[in-house]
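Protein chains in written order, with full-length UniProt numbering: chain A, 1 to 359; chain B, 1 to 359.
We treat Cβ as the ideally placed atom computed from N, Cα and C, and that holds for glycine.
Scroll down for the structure; my scribbles are underneath it.
Put into structure tokens, the structure is as follows:
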């Protein structure tokens, strides 16, 4: 025991030196202040959505709507085939995506674009790669009806819901003021409420923003600094590091046709405005290390390659390899706590439930 | 308040009379004794499987194997397409089935037979409609490789597992004595352990067997009595009300070709024995009200119709409509507590993970 004080002193000295070296050149307070001017942390939980100046309280989330939305989200009988649910392409266990270049839908058809994650999607200014849906409720109505996705109709879907007493009761409970609660709008509103709870707080980045210097490694901090310095934050800012506005893919230099297929003109298909040709919503980057493959075309599997393509096509710069490394490592710091979802027990069909039509 | 005693007396008299009438003719103790000679209750939890005379302790279930099995069960990357997991056809929210006549697999191909539930499948004497797999581990190896289901190979699957450090670590933890734990046998063994936990205890029927007279209604009790009296228990006995042995479908009278397609000769395809033509494992009936459509052909959606087909084809009797009603209502009493599964967060792919091949 007699050497303990000496050993302690040595250990302190030894552990202090590398720490000083590691943090050399990084001013945590200055970095945080700069980052807080660009980004916002994900809140720890959600109680309301759609707050506006006219309606500052917004729409309150209720446990009944959230629970109903969860059941609907997981129910493959919302599709014509009886096989495809929201969860099929927006897997809560896979960062909210399907991990495919573009999704496989009804009849094994391929969708035109990579499935975006629904995790934190509530923080996007609009939904879909071209922003054609203003909110998650409007978004939820799309895939259900798309012939290459769930290939259902609102009429058949409502018939399916009405055929199961458990659904009828759940809609009544979730929408108590509504005389005719089982309808397509409420279907979409319930899914929106569930999806609004699918947020991923508490990432190392959020904890750093909140004041915890030790939450991010030095390389992650250098990556954050590079992410801001090189101009990535021109598009990837806010709570979702993206998802806020629209930019031409290939602003400076168009990437190859594999990454940017000629046939998909992006937001032009929504606005029919020449300025919107090959314009897409800036991809939200939360949990991006979980959501490969990347871009609307879904052809790039390596996050490093995606960062390089972005820097050359959007910024017109060839980043130094160390900068790319740092930015990729920083992007690993925006992975938050994934939502833990108890798989719902779905309502039991009855003899009036429409039969699945997989063929 | 002065009429209270009188009212109470009247109410007692009124409530006693129908109760007496309802239970008239039902001797709960005798019914229970007879039923316990035929059936067993589902245990409240599982700690070991595969107990034999030589190995009475069997194989112990471990939390690490169960958890790994759960992750594998939900991971669509176990399929060649990256789209189909065990859960796709054995949905924990749908009584363990997909609710389709026959399953849809790789490339939207249709499988040849209706997907049986994995709930309580641990209690079956063998797996698949023709009993060709002796246990759930052997079963788990089938769909993964079947070209019309997940269309993968053991080699690709092990490559996928080895590409993700989280999987490698989980296999090491689950199979601590194993030098090379990431292999196809351990993949199957882990899924078997998870599936062994997917039991549904506590049904009204189980509670009645356990001594609770009030757990089943009088009609359910009449149905149970009819189920035994009419000979259903010749095949549907034991803990799973079936799943124990093999019988020709159409023992007395062959049902129509839609219900019993000529091309599927059942266990004959396993044993190549003439006696096994159109022989199938007696369907386990636990949670049967949740597992429509019925039979290996999956063409009958109405449980009432299924009961009628069984009675004419297997017993050679036309049951009275009331008997059919009673039996169907009794079958509603074998629905137990459905397993509540926290959806797993799946391991993150790496740049060495094989790409999905949906086409």
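Where residue i sits in the DSSP three-state scheme
i, result
"residue 27/B", "coil"
"residue 127/A", "strand"
"residue 325/B", "helix"
"residue 340/B", "coil"
"residue 287/B", "coil"
"residue 133/B", "strand"
"residue 295/B", "coil"
"residue 267/B", "coil"
"residue 97/B", "strand"
"residue 110/B", "strand"
"residue 175/A", "coil"
"residue 37/B", "coil"
"residue 238/A", "strand"
"residue 168/B", "helix"
"residue 104/A", "strand"
"residue 348/A", "coil"
"residue 300/B", "strand"
"residue 78/A", "helix"
"residue 259/A", "coil"
"residue 332/A", "helix"
"residue 122/B", "helix"
Straight-line Cα distance separating residue j from residue i
i, j, result
"residue 111/A", "residue 282/A", "20 Å"
"residue 219/B", "residue 204/B", "13 Å"
"residue 333/B", "residue 30/B", "19 Å"
"residue 299/B", "residue 293/B", "6 Å"
"residue 176/A", "residue 132/A", "30 Å"
"residue 244/A", "residue 174/A", "30 Å"
"residue 27/B", "residue 242/B", "25 Å"
"residue 258/B", "residue 42/B", "34 Å"
"residue 190/A", "residue 342/B", "21 Å"
"residue 68/A", "residue 162/A", "14 Å"
"residue 153/B", "residue 82/B", "13 Å"
"residue 74/A", "residue 331/B", "26 Å"
"residue 77/B", "residue 151/B", "11 Å"
"residue 125/B", "residue 337/A", "42 Å"
"residue 230/A", "residue 224/A", "10 Å"
"residue 118/B", "residue 246/A", "47 Å"
"residue 287/B", "residue 311/A", "56 Å"
"residue 228/A", "residue 93/B", "45 Å"
"residue 262/A", "residue 297/A", "11 Å"
"residue 129/B", "residue 280/B", "6 Å"
"residue 123/B", "residue 284/B", "9 Å"
"residue 221/B", "residue 46/B", "28 Å"
"residue 86/A", "residue 194/A", "12 Å"
"residue 121/A", "residue 97/A", "12 Å"
"residue 271/B", "residue 309/A", "58 Å"
"residue 80/B", "residue 344/A", "27 Å"
Host beta strand (DSSP E) of residue i (start-end)
i, result
"residue 248/A", "246-248"
"residue 280/A", "279-281"
Residue range of the unbroken alpha helix (DSSP H) whose run includes residue i
i, result
"residue 142/A", "136-145"
"residue 309/B", "303-310"
"residue 157/A", "154-162"
"residue 196/A", "184-196"
"residue 314/B", "Run containing residue 314/B: none; DSSP gives neither H nor E here."
"residue 222/B", "218-229"
"residue 204/A", "204-209"
"residue 89/B", "86-89"
Cβ-heavy atom distance, residue i to the ligand ATP, below 7 Å
i, result
"residue 341/A", "As presented, the structure is devoid of all ligands, the ligand ATP included, so that no description of it is given."
Any residues in the UniProt domain "Cytochrome c" (218-335) of chain A with a beta carbon nearer than 8 Å to a beta carbon of chain B? Which ones, in chain order? Within the UniProt domain "Cytochrome c" (218-335) of chain A, the residues whose Cβ lies closer than 8 Å to some Cβ of chain B are 289, 290, 292, 301, 302, listed in chain order.
Quick check for students: name the residue ranges of the alpha helix (DSSP H) that lie wholly in the stretch 45-76 of chain B, counting only runs of 4 or more. Taken in chain order, the whole alpha helix (DSSP H) runs of length 4 or more contained in the stretch 45-76 of chain B are 63-74.
Beta carbons nearer than 7 Å to chain A: which residues of the stretch 177-195 of chain B have them? For chain A, none of the residues of the stretch 177-195 of chain B brings a beta carbon within less than 7 Å of one of its beta carbons.
Give, in chain order, every residue of the stretch 342-357 of chain A whose Cβ lies closer than 8 Å to some Cβ of chain B. Listed in sequence order: 342, 343, 344, 345, 346, 348, 349, 351, 355, 356.
To be precise: take each residue of the stretch 126-141 of chain B, compare its Cβ to all Cβ atoms of chain A, and keep it if any distance is under 8 Å. Which residues remain? Taken residue by residue, none of the stretch 126-141 of chain B has a beta-carbon sitting less than 8 Å from a beta-carbon on chain A.
Chain-ordered residues of the stretch 54-77 of chain A with a beta carbon less than 9 Å from chain B: Residues of the stretch 54-77 of chain A whose Cβ lies closer than 9 Å to any Cβ of chain B, in chain order: 71, 74, 75, 76, 77.
Residues, ordered as in the chain, of the stretch 75-94 of chain B that lie near chain A by beta-carbon distance below 8 Å: For chain A, the residues of the stretch 75-94 of chain B that bring a beta carbon within less than 8 Å of one of its beta carbons are 75, 76, 77, 81, 82, 83, 88, 91, 92, 93, 94, in chain order.
Closer than 7 Å, Cβ to any Cβ of chain B: which residues of the stretch 104-117 of chain A, in chain order? Correct list: 104, 107, 108.
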